[in-house]
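Q:
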Amino acid sequence: MGSMRSERKIEFKAYDTDGDWRTVEITPDASLSLLDVLQSNGFDIPGVCGGLALCGTCLVKVICGYEKLPPPDDEEAAMLEMLPDTNPKDRLSCQLPLSSIMNGMVFRLQNYE
Amino acid sequence: MISSDICIIGAGPVGLFAVFETGLLKMRCHVVDVLPQVGGQLTEIYPGKPIYDIPGYPKITGEELVGQLMTQIAPFKPSFTLGERVEQVSRQRDETFLLTTSAGTVISARVVVIAGGLGCFEPRKPVIPDLNLYEGNGVAYSVRDPEVFRGHKVVIAGGGDSALDWTLVLAGIADKVTLVHRGNTFRGAPDTASRVQELANAGKLDLIIRAHTTHLTGKGKLNGVGVSLHGGDSLIIPADDFIPLFGLTPRLGPIAEWGLNMDKDAINVNTIDYSTSEERIYAIGDINHYPGKLKLILCGFHEAALMARSAFRFVYPDQRINFKYTTVYGINAF
Ligand SMILES: Cc1cc2nc3c(=O)[nH]c(=O)nc-3n(C[C@H](O)[C@H](O)[C@H](O)COP(=O)(O)OP(=O)(O)OC[C@H]3O[C@@H](n4cnc5c(N)ncnc54)[C@H](O)[C@@H]3O)c2cc1C
Ligand code: FES
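Chain order of the listed sequences is H and D. Letter by letter, the first sequence follows residues 0 to 112 in numbering that gives the first Met the number 0. Letter by letter, the second sequence follows residues 0 to 333 in numbering that gives the first Met the number 0.
1. Please name the residue, chosen from D:Q91, D:A114, D:G182, that lies closest to L228 (chain D) on a Cα-to-Cα basis.
2. If the cut is a Cβ gap below 7 angstroms, which residues of chain H does I44 (chain D) touch?
3. Does the Cβ-Cβ distance between K67 (chain H) and Q109 (chain H) come in under 8 angstroms?
4. For a contact meaning CB atoms closer than 7 angstroms, what does G159 (chain D) contact in chain H?
5. Does R92 (chain D) pass the burial test, meaning 16 or more other C-beta atoms within 10 Å, or should it be called exposed?
6. Which first and last residues belong to the alpha helix (DSSP H) in which H301 (chain D) is found?
7. Taking the DSSP output, what are the residues bridged to A265 (chain D)?
8. What does the alpha-carbon distance come out to for the pair K20 (chain D) and V13 (chain D)?
9. Measure from the C-beta of R209 (chain D) to each C-beta in chain H and report whether the shortest distance is under 8 angstroms.
10. So with CB distances below 7 angstroms, who are the chain D contacts of A84 (chain H)?
11. Residues of the region 112–123 of chain D with a CB closer than 9 angstroms to any CB of chain H: list them in chain order, please.
12. Note down, in chain order, each residue of its chain lying with its Cβ closer than 7 angstroms to the Cβ of L348 (chain D), except the 5 sequence neighbours on either side.
13. Have a look at the DSSP bridge pairing and note the partners of A156 (chain D).
14. Could you check whether the region 225–239 of chain D touches the region 142–157 of chain D, counting it as contact only if at least three pairs of C-beta atoms, one from each stretch, sit closer than 8 angstroms?
15. For chain H, check one thing: does any of its Cβ atoms lie closer than 8 angstroms to the Cβ of P243 (chain D)?
16. Going by DSSP, what residue range makes up the alpha helix (DSSP H) through Y45 (chain D)?
17. Are the region 123–131 of chain D and the region 56–69 of chain D touching, with three or more C-beta to C-beta distances below 8 angstroms?
18. Is the region 46–63 of chain H in contact with the region 16–23 of chain H, if contact means three or more CB pairs nearer than 8 angstroms?
19. Relative to ligand 2, is the shortest distance from any of its heavy atoms to the C-beta of V47 (chain H) smaller than 7 angstroms?
20. T216 (chain D) to S233 (chain D), Cα distance in whole Å?
21. Just to confirm my understanding: we take E74 (chain H), look at its own chain, exclude 5 residues before and 5 after, and list those with CB closer than 7 angstroms. What are they?
22. When we look at the beta-carbon of G103 (chain H) and count the other beta-carbons within 10 Å, is it buried (16 or more) or exposed?
23. With distances taken from CA atoms, which of D:L247, D:K58, D:L169, D:A307 is nearest Y140 (chain D)?
24. Listing by chain order, which chain D residues have their CB less than 8 angstroms from the CB of A29 (chain H)?
25. So, under 8 angstroms CB-CB, D317 (chain D) and H288 (chain D) are touching, yes? Tell me the CB distance rounded to an integer number of Å.
26. If you draw a straight line from the alpha carbon of I320 (chain D) to that of F148 (chain D), how long is it in whole angstroms?
27. Between R279 (chain D) and the rest of its own chain, which residues show a CB-CB distance below 6 angstroms, the 5 nearest in sequence each way excluded?
28. Using DSSP with H/G/I as helix, E/B as strand and the rest coil, what is S5 (chain H)?
29. Among D:V138, D:I44, D:T275, which one has its Cα closest to the Cα of K220 (chain D)?
30. Do we get a CB-CB distance below 8 angstroms when we pair A77 (chain H) with the residues of chain D?
31. Could you list which residues in chain H have their beta carbon closer than 7 angstroms to that of P249 (chain D), in chain order?
32. CA-CA distance, P27 (chain H) and N40 (chain H)?
33. How many angstroms separate the CA atom of D89 (chain H) from the CA atom of V47 (chain H)?
34. Give a yes or no on whether the C-beta atoms belonging to L98 (chain D) and V88 (chain D) are separated by under 8 angstroms.
35. How about Y45 (chain D): is its Cβ closer than 7 angstroms to a heavy atom in ligand 1?
36. Given 7 angstroms as the limit, tell me if A10 (chain D) has its C-beta closer than that to any heavy atom belonging to ligand 1.
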């Protein structure tokens with residue numbers, strides 16, 4: 000039983016703004032966002048608007064696996080465009096549901112500037 | 000100098016409701032906020048979003064709630080300083096405080112209530128080398144008086160509503176306006192976007208899309224803005240002024256330097272009355288921290304009521320509070 004559960008787990012890696020990194024092992028759950036998981040794993044990421052794509056403080060750069068993600072919807076794209084220094088591989092972590100496609104992906108928290 | 004019983008720092012929902020709770024106890028308030036409007040996060044981040052957990056309102060938008068709060072506190076005639084940041088809070092010999100703002104306004108009060116939320120709303124700044132050296136010498140993050148730009152060459156960066164709005168306003172005033180936008184479409188109000196496009200087609204302003212600003216030129220005083228086009232070219236646009244308009248984001252700001260006992264970005268308080276480590280200074284709403292704290296509007300309202308009862312003894316040291324319901328006592332307007 001235990002081994003079946005662990006088979007379904009995914010693992011991704013995230014760097015904080017100081018360059019320190021950790022891997023997170025978790026069972027996919029679409030009701031959680033990447034932001035939720037980063038926060039509950041002790042990463043210092045604000046997420047001021049609580050996931051409404053209104054603040055941009057949950058920005059992450061997708062270092063590995065960007066092409067696996069579905070493209071941003073209009074609300075996310077609008078917020079990304081509002082932020083002064085985003086690059087093409089930046090996403091709002093609050094808009095990314097935790098799913099199996101994240102297995103093996105690498106993220107970097109962006110400076111909340 | 001402005002003088003008041005209480006100075007409230009932050010005009011978010013909790014700062015506004017504190018005017019009501021202290022007003023019931025005959026204390027007068029002066030409220031300061033760095034934003035040009037009241038309402039804090041509600042008006043700045045989510046004016047149109049419905050809130051479902053305000054007691055008595057099954058559903059109310061941020062903007063409506065702020066409107067209702069302003070109506071509710073009107074009998075207590077609060078005074079406001081908006082668009083200025085409180086920089087310093089200093090205790091005087093006579094146990095009053097002097098608060099000084101970014102614009103040099105001085106406020107004297109017996110009690111200070113910090114309702115600073117997530118901190119001051121400040122402009123998001125692009126990462127451009129030496130940007131800060133040009134602040135006040137050609138770089139501005141907001142437009143207070145459009146006339147200042149009359150006859151100037153102005154470069155605006157950004158693609159949201161405020162970038163589009165100010166591009167239109169300044170196009171009629173400045174010698175030349177250039178709008179630099181990273182995307183190739185505008186997601187702001189469609190009317191404004193199409194008017195900007197029309198003026199660009201008519202040669203009344205320059206629109207550079209799929210591009211971003213890279214550096215500034217000038218010796219002390221700005222004279223040009225470097226722009227990199229996503230196609231690969233780059234150019235320098237002659238400019239007297241550069242106005243990056245990327246919206247606002249909250250940052251703790253000066254509160255961290257006031258010698259209060261803090262827990263990361265929040266002020267530790269005693270839950271008996273939400274007092275801080277400094278007598279006569281209280282902290283309520285999102286800015287405070289205590290075991291079990293929830294950053295909710297209704298929790299901030301509760302904190303305001305308890306704070307007001309505690310602050311009373313500093314404003315009226317010779318009087319005792321008689322607890323009365325508003326249903327019994329009514330609202331005694333100032
Ligand atoms: C998108 C979103 C949705 C939310 N939904 C809900 C909800 O459904 N229910 C709920 O209860 N809560 C909700 N919240 C949380 C709620 O908005 C906050 O709890 C509330 O705004 C806190 O009020 P406040 O008055 O403490 O602070 P704020 O609203 O943050 O206001 C603080 C003000 O202080 C000013 N300030 C700070 N420092 C200074 C200084 N030094 N000088 C001058 N001014 C200063 C700031 O500019 C700001 O305007 C939501 C928040 C967001 C962002
Ligand atoms: S938490 Fe605000 S945009 Fe993601």
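Heads up, the beta-carbon is just placed ideally off N, CA and C, and yes, glycines get one too.
A: In short, the structure shows the following:
1. Taking the second sequence and counting its residues from 1, one reaches residue 228 (chain D) at position 229. Out of D:Q91, D:A114, D:G182, D:G182 has the C-alpha closest to the C-alpha of L228 (chain D).
2. Here residue 44 (chain D) refers to the residue found at position 45 of the second sequence. What I44 (chain D) touches in chain H: C48, L53, C54.
3. Residue mapping note: residue 67 (chain H) aligns to position 68 of the first sequence, counting from 1. Residue mapping note: residue 109 (chain H) aligns to position 110 of the first sequence, counting from 1. Their beta carbons are not under 8 angstroms apart, which means K67 (chain H) does not touch Q109 (chain H) by this criterion.
4. Taking the first residue of the second sequence as 1, we reach residue 159 (chain D) at position 160. Ordered by position in chain H, the residues that pass the 7 angstroms Cβ test against G159 (chain D) are M81.
5. In the second sequence, residue 92 (chain D) corresponds to position 93, counting from 1. Label assigned to R92 (chain D): exposed.
6. For the purposes of this step, residue 301 (chain D) is identified with residue 302 of the second sequence, where counting begins at 1. Following the DSSP letters along the chain, one finds H301 (chain D) inside the alpha helix (DSSP H) bounded by residues 296–314.
7. Mapped onto the second sequence, residue 265 (chain D) falls at position 266. In DSSP, A265 (chain D) forms a bridge with D:D262.
8. Within the second sequence, residue 20 (chain D) is the residue found at index 21, counting from 1. Within the second sequence, residue 13 (chain D) is the residue found at index 14, counting from 1. One detail in the question is off: residue 20 (chain D) reads as Glu in this sequence, not Lys. Roughly 10 angstroms separates the two Cα atoms.
9. Walking along the second sequence from the start, residue 209 (chain D) turns up at place 210. Taking Cβ atoms only, chain H never reaches closer than 8 angstroms to R209 (chain D), which makes this a no.
10. As a first step, residue 84 (chain H) must be located in the first sequence, where it is residue number 85. For clarity, residue 84 (chain H) is Asp in the given sequence; the question names Ala instead. Residues of chain D passing the Cβ test: P125, V126.
11. The region 112–123 of chain D vs chain H, Cβ under 9 angstroms: L117, R123.
12. Chain D is shown only over 0 to 333; residue 348 (chain D) falls outside these bounds and no answer can be derived.
13. To locate residue 156 (chain D), count along the second sequence from 1; it is residue 157. According to DSSP, which records beta bridges pairwise, A156 (chain D) is partnered with D:V179, D:P243.
14. yes
15. To locate residue 243 (chain D), count along the second sequence from 1; it is residue 244. At a cut-off of 8 angstroms between beta-carbon atoms, P243 (chain D) makes contact with chain H.
16. For the purposes of this step, residue 45 (chain D) is taken as the residue at position 46 of the second sequence. Neither: Y45 (chain D) is in no alpha helix (DSSP H) and is coded neither H nor E.
17. no
18. no
19. The sequence position of residue 47 (chain H) within the first sequence is 48, counting from 1. Correct: V47 (chain H) has its Cβ closer than 7 angstroms to ligand 2.
20. Within the second sequence, the letter at position 217 stands for residue 216 (chain D). Within the second sequence, the letter at position 234 stands for residue 233 (chain D). Spanning the two alpha carbons is a distance of roughly 14 angstroms.
21. Counting from 1 along the first sequence, the entry for residue 74 (chain H) is found at position 75. Correct list, in chain order: A52.
22. What you label residue 103 (chain H) is simply residue 104 of the first sequence in a count that begins at 1. Classification of G103 (chain H): exposed, given that the 10 Å Cβ count is below 16.
23. Indexing the second sequence from 1 puts residue 140 (chain D) at position 141. Nearest in C-alpha terms to Y140 (chain D), of all of D:L247, D:K58, D:L169, D:A307, is D:L247.
24. Residue mapping note: residue 29 (chain H) aligns to position 30 of the first sequence, counting from 1. Simply none; closest approach about 23 angstroms.
25. Position 318 of the second sequence, counted from the first residue, corresponds to residue 317 (chain D). Position 289 of the second sequence, counted from the first residue, corresponds to residue 288 (chain D). The Cβ separation is near 34 angstroms, so there is no contact.
26. Taking the second sequence and counting its residues from 1, one reaches residue 320 (chain D) at position 321. Taking the second sequence and counting its residues from 1, one reaches residue 148 (chain D) at position 149. Rounded to the nearest angstrom, the two C-alpha atoms are 55 angstroms apart.
27. Start at 1 with the first residue of the second sequence, and residue 279 (chain D) comes out as number 280. Cβ within range, chain order: V110, F313.
28. Position 6 of the first sequence holds residue 5 (chain H). Note that S5 (chain H) scores a pLDDT of 47, beneath 50, so its modelled location is shaky; the value from the coordinates is reported in the next line. Note: S5 (chain H) maps to helix in three-state DSSP.
29. Stepping through the second sequence from its first residue, residue 220 (chain D) is reached at position 221. If you compare the alpha carbons of D:V138, D:I44, D:T275 with that of K220 (chain D), the shortest gap goes to D:V138.
30. Taking the first residue of the first sequence as position 1, residue 77 (chain H) is located at position 78. Chain D contact via Cβ: present.
31. Sequence index remark: in the second sequence, residue 249 (chain D) carries index 250 (1-based). Neighbours of P249 (chain D) on chain H, chain order: V47.
32. Against the first sequence, residue 27 (chain H) aligns to sequence position 28. Against the first sequence, residue 40 (chain H) aligns to sequence position 41. Approximately 15 angstroms between the Cα atoms of the pair.
33. Start at 1 with the first residue of the first sequence, and residue 89 (chain H) comes out as number 90. Start at 1 with the first residue of the first sequence, and residue 47 (chain H) comes out as number 48. In a straight line, the C-alpha of D89 (chain H) is about 18 angstroms away from that of V47 (chain H).
34. Here residue 98 (chain D) corresponds to residue number 99 of the second sequence, with the count starting at 1. Here residue 88 (chain D) corresponds to residue number 89 of the second sequence, with the count starting at 1. Contact: yes.
35. Position 46 of the second sequence holds residue 45 (chain D). It does: the Cβ of Y45 (chain D) is within 7 angstroms (strictly closer) of some heavy atom of ligand 1.
36. As a position in the second sequence, residue 10 (chain D) is number 11, starting the count at 1. Checking every heavy atom of ligand 1 against the Cβ of A10 (chain D), one is found closer than 7 angstroms.
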